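In the working numbering, the protein residues as written are 2 to 424.
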């Protein structure tokens, strides 16, 4: 075999030039490797924490009155994880116990960063975004490390305002930011009178979602039907329906409830509806737990279902201070609070925590939004297979629970119940 050494030498020189040139361009930043995609299997700690808080707060709200419920546990947790970053001692321990935050800073920060990146990623077939922001009194001394950490791990950039001279103008600025982040669905999050001259810091989160059903409902099939609000009450409501051959959904049932899951376009998010049998919402609520949710999700099987779901649209607003104190974090709202991680001194406490949410479910899909504000001021201030399977009927004509979740992780972004779809 004759070897042409000149050709081989030329090829070797050319390869060397390409390799050396590539290394140089990479070091200079001209060539960059693609960012690794977040590993959603490694966010279990934060997902479990968020979901447990979701059910805890749902339980707190359902014991207060019999109205519709709707909130975003992820929005609330996001606002408070930024608050937690500045808490120390018993104050931090109480916040962590209520929100189940991982004790490890690296674990908590990494997992939240991964979830935020997933929520805000581009090229989606649905709209989903979440944003954080801090609003600080311009002449008050905060620790740079605190603001840097919140911005780095949670995207919460600090903006200076002058609460002292213009509390009302500052309130409007924050509310306008919330409106912009929620497609104008959350208006006037912070009511007049909450922001005062002594306010030093406001921490905010906003989340927005709009998605179309993979299997949409026809408006021509929507009919007025009865909805039983309780044993003695009935209202007329617009009932959507899918009973055709293409009505294939994830479905399961047991002696206590029927479970229906229907995905949104892209099939990364879905709504999970929990319909109690025997109109016994109280029994279903007593069974609700993260363990049960996991079991029910595993029971789901794709099958044909005759589905009847009411259209509904409503807003909620919760002033959370008393609820959070009762749930186990009173110190954060007291003069004994320790938020020295924010300022280097024990000079701040939480004055109020506000959450507002909006949801609309119709034939095309779902639109939902929520926002949370944590307002801080100085301490001292104020069955087996059958031969002929029967097609199940999922008729949501009485109170039910619903969750909007990330399918691959089960992370609950929104949770609520419908007692009266006309409210």
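Glycine included, C-beta positions come from ideal geometry on N, C-alpha and C. A quick note: this is a predicted structure, and the numbers were derived from the prediction, not measured.
Whole-number beta carbon distance between residue j and residue i, since they are thought to touch under 8 Å
i	j	result
residue 239	residue 314	So it is not a contact: roughly 10 Å between Cβ atoms.
residue 282	residue 80	Rounded, the Cβ-Cβ distance is 29 Å, inconsistent with contact.
residue 276	residue 395	6 Å
residue 83	residue 133	6 Å
residue 85	residue 72	Actually they are not in contact, since the Cβ atoms of residue 85 and residue 72 sit about 19 Å apart, beyond 8 Å.
residue 325	residue 354	6 Å
residue 44	residue 115	5 Å
residue 153	residue 341	In fact, because the Cβ distance is near 20 Å, the residues do not count as touching under 8 Å.
residue 414	residue 210	7 Å
Sub-9 Å separation of residue i and residue j beta-carbons
i	j	result
residue 309	residue 226	yes
residue 48	residue 352	no
residue 169	residue 196	yes
residue 191	residue 374	yes
residue 63	residue 286	yes
residue 184	residue 76	no
residue 141	residue 201	yes
residue 255	residue 263	no
residue 138	residue 102	no
residue 131	residue 148	no
Selection from the options that minimises the alpha carbon distance to residue i
i	options	result
residue 376	341, 258, 333	333
residue 350	380, 137, 417, 59	380
residue 246	202, 307, 189, 302	307
residue 61	321, 346, 355, 423	321
residue 428	297, 189, 253	No answer is possible for residue 428: it lies beyond the span of the chain, which begins at 2 and ends at 424.
residue 244	232, 258, 305, 279	305
residue 258	248, 236, 250, 279	279
residue 423	102, 88, 403, 361	361
residue 327	139, 223, 98	98
residue 193	184, 398, 173	173
residue 339	72, 378, 163, 44	378
residue 215	265, 317, 167	265
residue 260	145, 85, 296, 242	296
residue 253	369, 232, 294, 187	294
residue 232	288, 414, 399	399
residue 135	124, 145, 248	145
residue 126	242, 371, 366, 90	366
residue 129	102, 369, 166, 401	369
residue 363	292, 138, 241, 101	241
residue 187	403, 335, 317, 163	317
residue 78	166, 100, 234	100
residue 87	151, 74, 67, 124	151
residue 443	46, 397, 403, 161	With the chain running from 2 to 424 in the structure shown, residue 443 is simply not present.
residue 401	291, 392, 284	284
residue 67	234, 249, 393	234
residue 393	110, 403, 248	248
residue 65	292, 237, 182, 323	323
Interface flag, residue i vs chain B, CB-CB below 9 Å
i	result
residue 308	Any reference to chain B falls outside this structure, which holds one protein chain only.
Problem set entry | Length at least 4, wholly inside the stretch 136-196: the alpha helix (DSSP H) runs in chain order | 145-155, 168-182
Exercise. Counting Cβ pairs, one atom from each stretch, are 3 or more of them under 8 Å apart for the stretch 103-120 and the stretch 53-72?
Worked result: no
For this session: Inspect the CB distances between the stretch 319-334 and the stretch 407-421 and report whether three or more fall short of 8 Å.
Result: no
Exercise. Touch check for the stretch 261-270 and the stretch 401-408: three-plus C-beta pairs under 8 Å?
Worked result: yes
Exercise. Does the count of Cβ pairs from the stretch 85-95 and the stretch 216-225 closer than 8 Å reach three?
Worked result: no
Exercise. Per the contact definition of three or more C-beta pairs closer than 8 Å, is the stretch 140-158 in contact with the stretch 175-192?
Worked result: no
For this session: Would you list, in sequence order, the uninterrupted beta strand (DSSP E) runs of no fewer than 3 residues that lie entirely inside the stretch 299-364?
Result: 302-305, 307-311, 313-320, 349-362
Exercise. Does the stretch 296-303 touch the stretch 339-348, meaning 3 or more C-beta pairs lie closer than 8 Å?
Worked result: No, the stretch 339-348 does not touch the stretch 296-303.
Exercise. Mind pulling the alpha helix (DSSP H) runs of 4 or more residues that sit fully within the stretch 42-70?
Worked result: 45-63
Exercise. Unbroken beta strand (DSSP E) runs of length 3 or more, entirely within the stretch 243-280: which are they?
Worked result: 249-254, 258-264, 270-277
Problem set entry | alpha helix (DSSP H) runs contained entirely in the stretch 70-119, provided each spans 4 or more residues | 74-85, 90-100
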